[in-house]
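A quick write-up on the structure given underneath.
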Amino acid sequence: MAVDLGMGVDTRITASLHPQSVASLDEYDSDTEGELQQVVQAFTSVYEGVGKVLDVRDMAVKNTAWSEDMRTIKVQEMADRAFAKFAPQLDKAFHNMRAGAELIEKQLSAPVEARAAHSISAEIRAHVKGLAERQGTSTLDKRPGQSAVGFVQAAIQNGDAATVTAVLGAPAYLSGIDPKMQEVLLRQWHEKANPVAAKRLRAMRAVMDLIQDRAPLIHMELERVVGKSPAYAKMLRDKHNAAEKALGGI
298 MAVDLGMGVD TRITASLHPQ SVASLDEYDS DTEGELQQVV QAFTSVYEGV GKVLDVRDMA
358 VKNTAWSEDM RTIKVQEMAD RAFAKFAPQL DKAFHNMRAG AELIEKQLSA PVEARAAHSI
418 SAEIRAHVKG LAERQGTSTL DKRPGQSAVG FVQAAIQNGD AATVTAVLGA PAYLSGIDPK
478 MQEVLLRQWH EKANPVAAKR LRAMRAVMDL IQDRAPLIHM ELERVVGKSP AYAKMLRDKH
538 NAAEKALGGI
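The opening position of the sequence shown corresponds to residue 298 in the numbering used here, with each subsequent residue numbered one higher.
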């Protein structure tokens, strides 16, 4: 559910860098806003930083005392300062999202222990194994209750912890279920039991993808604002500094 941040728009800057890009993600809502706020702030810093570079460029254009090369040098200097300020924020936000996602991933993949009495758990596993032997377990069953996997899926949907943990809290061979399928079912169980954590994980992954997608645009936008490549601007600055140094020795 996208949320309108109500922030202003600078038409001079590409909309792809606006903080609203984060809040417009489907995974952004009251459950994930807390975690994603730092990403919103990072994009805000980027957006405002580019805006300040544009302000300097506009002022440089009006300064008739500067040559075109000097304007390029001054605007690039501002671009470098802005980037040095907001880039670490965006990088930190990305790494925090990755660390948070890894933590939730572990939680949603954690093993479970059987909750029912040992004898009952054994009977449940025997029942599931009987279904598996008769109908197979290689793929997710689309008809809950029609196979071993479908039986466990139905238990997951019904929140039947005794049945689910009896099957998933023991070695897969005791229930006749493929180990990989048991991992899939375990993940389904955790996501059913903790939907908010699952949503937060999706949100963190979504903003990580967003950051990786938009990061190259920052360099492109700054170069567009400066009007020259960073390498060309550096060449001009080096020539200017060399000339200043030569004049200082006279």
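Glycine residues also receive a C-beta, built at the ideal position from the N, C-alpha and C atoms.
Local Cβ density within 10 Å of residue i, reported as buried at 16 or more and exposed below that
i: M532; result: exposed
i: A312; result: exposed
i: S418; result: buried
i: Q479; result: buried
i: V337; result: buried
i: Q485; result: buried
Proximity below 8 Å, CB of residue i to CB of residue j
i: R502; j: A398; result: yes
i: A530; j: Q373; result: yes
i: S504; j: A376; result: Reading off the sequence, residue 504 comes out as Val, not Ser. Result no, Cβ atoms of V504 and A376 do not sit closer than 8 Å.
i: V300; j: A320; result: yes
i: L264; j: R521; result: No statement about residue 264 is possible, as the shown extent of the chain runs from 298 to 547 and does not include it.
Separation of residue j from residue i, as counted between CA atoms
i: R422; j: Q334; result: 45 Å
i: V461; j: V425; result: 11 Å
i: V449; j: D307; result: 53 Å
i: R354; j: A539; result: 24 Å
i: D352; j: T361; result: 16 Å
i: N455; j: A490; result: 11 Å
i: K359; j: H537; result: 21 Å
i: R368; j: S406; result: 56 Å
i: P527; j: L519; result: 9 Å
i: E365; j: L514; result: 25 Å
i: L483; j: I453; result: 9 Å
i: D323; j: H487; result: 21 Å
i: M508; j: R534; result: Just to set this straight, residue 508 is Ile in the shown sequence, not Met. The alpha-carbon atoms of I508 and R534 are separated by roughly 31 Å.
Segment contact, 8 Å Cβ cut-off, at least three pairs: the region 417–432 with the region 372–382: no
Contact between the region 463–479 and the region 398–411 (3+ Cβ pairs under 8 Å): yes
The region 490–501 touching the region 316–330, judged by at least three CB pairs closer than 8 Å: yes
Those runs of the alpha helix (DSSP H) which lie wholly inside the region 315–396 and span at least 4 residues: 317–320 and 330–359
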